[in-house]
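First the structure, in the form of structure tokens, and then the observations on it.
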Ligand code: PMP
Ligand code: GLN
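Numbering (our numbering), first residue to last: 758 to 1136.
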């Protein structure tokens, strides 16, 4: 048997969550909230199940949800996406990203990937015969070298994939970054995939700049989003893809044969829950408090850190504390301190050790404080 992904094993999230369980460690590794979604949202799912919304949804998604997303995105970006032809509900952002890449990548096409990169991007490119071309950033990078990005473009470059707020670094792109990208994409006729799953988790008064807010980008972008992070429902796997009509037509050709459609009653419930913007506009403040609590609590461990700008991840470096590589340290801390994290080098394809760990702070306050206490004892 000849593997199509010879270099890929089980994802690091599965590995570290399993190790955490084995050693009964606090799991600050895999990114998911420790707390539950709102009871009101749970009730809505029950309501729609009881109403018999239990058969296949339309292939492109429940219309009420597509309309609610159109309204929300218009309010934030003054950009209209037509529910009928430009919005597709997917099985999480993971499916949206995969399908978007499948839509455009032909064998031999190159896709620019900023690393560290979320783990699903590169396999999705490679399964479609594409070639990832990396722009490598330090885990605590301050700004993007756009000259370097330009230098990576070749006649075979088809697309660029971006992610803001960013997993794993917690960095947030500025409008000038998106503008630079728009200029490059226009000049070289590139497609863009914009992963915006952490759009509502952004700190210190920063603003999420969506690809939808820049017309020159929106016209060539597959915008991928998810409700998993926004509503504390990572297990529901409801995401979406927004793209101009011609792109959406191609997107749906693949989506219809990958999953056809996604879970019906949950789509109705989310559509109704979206009617109140407070349900998502309060999330940044909620997580900023947790970030501050965690950053304060680990202050005296001796890590190097810049507070996360967005997402629910905090990266820390530890060059002065240990010579171990980050995989070794993440394992040792899980076993000896009882705190699991993710070694950031797994998000790189070309670099094996950046001596940086990623901690997820989407946890209850006492869990975060306990984790800090345990780390203080062992590191
Ligand atoms: N992109 C990024 C950057 C993520 O962190 C995640 C979730 N961890 C996803 C995509 C996938 O989202 P979903 O769970 O909705 O498939
Ligand atoms: N996105 C989550 C993270 O970065 C994990 C998702 C998954 O387990 N695939 O931790």
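Glycine included, each C-beta is placed from N, C-alpha and C at the ideal position.
Just so it is clear, the structure is predicted and the values come from calculations on it, not from any experiment.
Asked, Found
"Any 3 or more C-beta pairs closer than 8 Å across the stretch 863 to 873 and the stretch 901 to 916", "yes"
"Where the beta strand (DSSP E) through residue 889 begins and ends", "888 to 893"
"Sufficient close CB pairs (3 or more, under 8 Å) joining the stretch 1028 to 1037 to the stretch 933 to 947", "no"
"Contact the stretch 1006 to 1021 vs the stretch 926 to 935: 3+ CB pairs below 8 Å", "no"
"Where residue 1063 sits in the DSSP three-state scheme", "coil"
"Between the CA atoms of residue 997 and residue 1007 - distance to the nearest angstrom", "15 Å"
"Beta bridge counterpart(s) of residue 996 as assigned by DSSP", "847, 983"
"Residue of 800, 842, 887, 790 minimising C-alpha distance to residue 761", "887"
"CB contact flag (residue 973, residue 834, <8 Å)", "no"
"Beta-carbon contacts of residue 1067 that lie in its chain and below 7 Å, excluding the five residues immediately before and after", "922, 927, 929, 955, 958, 959, 960, 963"
"Exercise answer, beta-carbon shell around ligand 2 heavy atoms below 6 Å", "768, 770, 787, 788, 924"
"Backbone CA spacing between residue 1118 and residue 800 [nearest angstrom]", "27 Å"
"Cβ contact (3+ pairs, closer than 8 Å) linking the stretch 779 to 790 and the stretch 973 to 984", "no"
"Given 8 Å, three or more beta-carbon pairs between the stretch 1125 to 1134 and the stretch 1082 to 1099", "yes"
"Candidates 870, 861, 898, 936, of which the one nearest residue 910 by Cα", "870"
"Assigned secondary structure, residue 1100 (DSSP; H/G/I helix, E/B strand, else coil)", "strand"
"Neighbourhood of residue 793 by C-beta distance below 7 Å, restricted to the same chain and skipping five residues each side", "989"
"As assigned by DSSP and simplified to three states, the class of residue 834", "helix"
"Range of the contiguous beta strand (DSSP E) that encloses residue 868", "867 to 872"
"7 Å CB neighbourhood of residue 1164 in its chain, flanking five on each side removed", "Examination of residue 1164 is not possible in this model, given that the chain is present from 758 through 1136 alone."
"CB-CB length for residue 952 against residue 901, believed under 8 Å", "About 16 Å separates the two Cβ atoms, so there is no contact after all."
"For residue 1116, the residue or residues it bridges with in DSSP", "1071"
"Residue 820 - DSSP class collapsed to helix/strand/coil", "helix"
"Reference residue 937, options 1086, 1097, 907, 920, closest by Cα", "907"
"Pick from 1023, 932, 987, 1110 that is closest to residue 803, judged by C-alpha positions", "1023"
"When 977, 1105, 950 are compared against residue 852, the one with the closest alpha-carbon", "950"
"C-alpha distance - residue 765 paired with residue 796, whole-angstrom precision", "38 Å"
"Residue 800 - DSSP class collapsed to helix/strand/coil", "helix"
"Residue from 1054, 897, 859 whose Cα sits closest to the Cα of residue 1126", "1054"
"Cβ-based neighbour list, residue 850, same chain, cut-off 7 Å, excluding 5 preceding and 5 following", "952, 954, 981, 982, 983, 996"
"Nearest residue (CA-CA) to residue 1032, options 791, 899, 832", "832"
"Terminal residues of the beta strand (DSSP E) in which residue 952 lies", "948 to 952"
"Residue 1078 and residue 1099 closer than 8 Å at C-beta", "no"
"Residue 874 and residue 1104 closer than 8 Å at C-beta", "yes"
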